[in-house]
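Its first residue numbered 823, the sequence shown is counted upward by one per residue in the working numbering.
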Amino acid sequence: MLTSQRRKKMLGYVAIGVGAAMAGRLFWMVDDWGRDWTTNHARLSMTNSDPALQPIEVDASSAAVEDMIRKWVDHQSGWAVMSQTENEQHESAQGEQADSESSMRRMHLTRTTPVFRFVDDIHLELTPITSDSPDSPRTRIDAESGSRVGKGDLGQNPRNLKALRAGIIEQTKKSVE
């Protein structure tokens with residue numbers, strides 16, 4: 823039988839172990855010590871040194887890319903599509919109005935963290951790329967992720983964008999098969 827003093831000592835060790843595990847997880851999550859403590863947003867940018875944080879171009883119409891993103895989000899825990907809008911119509915080279923397949927689209931996604939339930943907003947722009955061949959539509963995907971609360975995100979927003987980018991690439995491979 824454990825004495826009261828031994829029980830308190832054991833609980834102290836358990837508390838220290840749990841605290842150390844939480845601190846270790848925190849240190850493991852931080853990717854960029856200069857950025858992650860002071861910045862609570864991230865965006866895909868061509869000037870980013872990390873290729874996983876650069877915009878992507880997909881061989882599909884903006885409507886098809888939107889469907890791919892919806893399918894991916896539906897299978898992700900903590901992700902949701904909040905809204906989508908179809909913006910201005912692009913004109914083709916002959917001057918006629920393009921159809922809705924080739925219009926620029928915007929999407930608003932959210933991702934909720936598992937433990938503390940923090941919500942990050944992810945805004946996407948799906949921009950059709952004009953090409954010589956109307957039979958092979960292409961879409962450029964730009965995205966930005968921002969935390970609703972806090973000064974630093976501990977790298978969560980870049981991870982959101984990397985996961986989204988990888989998911990889109992995965993969906994495009996599935997649509998080709």
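Built from N, CA and C at the ideal position, the CB exists for glycine as well.
Grouping DSSP H, G and I as helix and E and B as strand, with all else coil, what is residue i?
{"i": "ARG962", "result": "strand"}
{"i": "ARG865", "result": "strand"}
{"i": "GLY1003", "result": "Residue 1003 is absent from the model: the chain starts at 823 and stops at 999."}
{"i": "VAL937", "result": "coil"}
{"i": "MET890", "result": "helix"}
{"i": "PRO950", "result": "strand"}
{"i": "MET926", "result": "coil"}
{"i": "ASP896", "result": "helix"}
{"i": "SER967", "result": "strand"}
{"i": "GLY917", "result": "Caution is warranted here: a pLDDT of 46 is assigned to GLY917, below 50, making its placement in the model unreliable, and the coordinate value is therefore given only provisionally. In the structure shown, GLY917 sits in coil (DSSP, three-state: anything other than H, G, I, E or B)."}
Residue i lies in the beta strand (DSSP E); which residues open and close that run?
{"i": "VAL903", "result": "901 to 908"}
From which residue to which residue does the alpha helix (DSSP H) around residue i run?
{"i": "THR994", "result": "978 to 998"}
Spatial neighbours of residue i within its chain, please: C-beta separation below 7 Å, excluding the five flanking residues on both sides.
{"i": "ALA985", "result": "none"}
{"i": "GLU888", "result": "GLN906, ARG927, MET929, LEU948"}
Smallest Cα separation from residue i: which of the options?
{"i": "ASP964", "options": "GLY974, THR934, ARG927, THR935", "result": "ARG927"}
{"i": "ILE951", "options": "SER867, VAL836, ASP896, SER883", "result": "SER883"}
{"i": "LYS996", "options": "GLY846, ARG865, MET890, HIS863", "result": "MET890"}
{"i": "ASN909", "options": "SER955, VAL880, ASP954, LEU948", "result": "LEU948"}
{"i": "LEU866", "options": "ASN979, GLY839, VAL998", "result": "ASN979"}
{"i": "ALA885", "options": "SER925, THR860, LYS893, GLN898", "result": "SER925"}
{"i": "THR860", "options": "GLY974, GLU992, ILE991", "result": "GLY974"}
{"i": "GLY977", "options": "THR961, THR935, ARG960", "result": "THR935"}
{"i": "TRP937", "options": "SER958, ARG847, THR961, ASP954", "result": "A small fix is needed here, since residue 937 is Val in this sequence, not Trp. It is ARG847."}
Go through its chain and collect everything with a Cβ distance to residue i's Cβ below 8 Å, but skip five positions before and after it.
{"i": "THR932", "result": "TRP901, ALA902, MET904, VAL941, ASP942, ASP943, ILE944"}
{"i": "MET868", "result": "GLN876, PRO877"}
{"i": "PRO982", "result": "In the sequence under discussion, the amino acid at residue 982 is Asn, which differs from the Pro named in the question. These residues qualify, in order along the chain: ALA864, ARG933, ASP942, ILE944, SER967."}
If I measure Cβ to Cβ from residue i and keep anything under 6 Å in the same chain, skipping five residues before and after, which residues do I get?
{"i": "THR994", "result": "VAL880"}
**Report entry** Touch test, the stretch 961 to 975 against the stretch 922 to 942, Cβ-Cβ under 8 Å, three pairs minimum
**Finding:** Enough Cβ pairs lie closer than 8 Å, so yes.
Query raised in the report: Quick one: any contact between the stretch 856 to 876 and the stretch 898 to 905, if contact means 3 or more CB pairs under 8 Å?
Result: Contact between the stretch 856 to 876 and the stretch 898 to 905 is not established, with fewer than three Cβ pairs separated by less than 8 Å.
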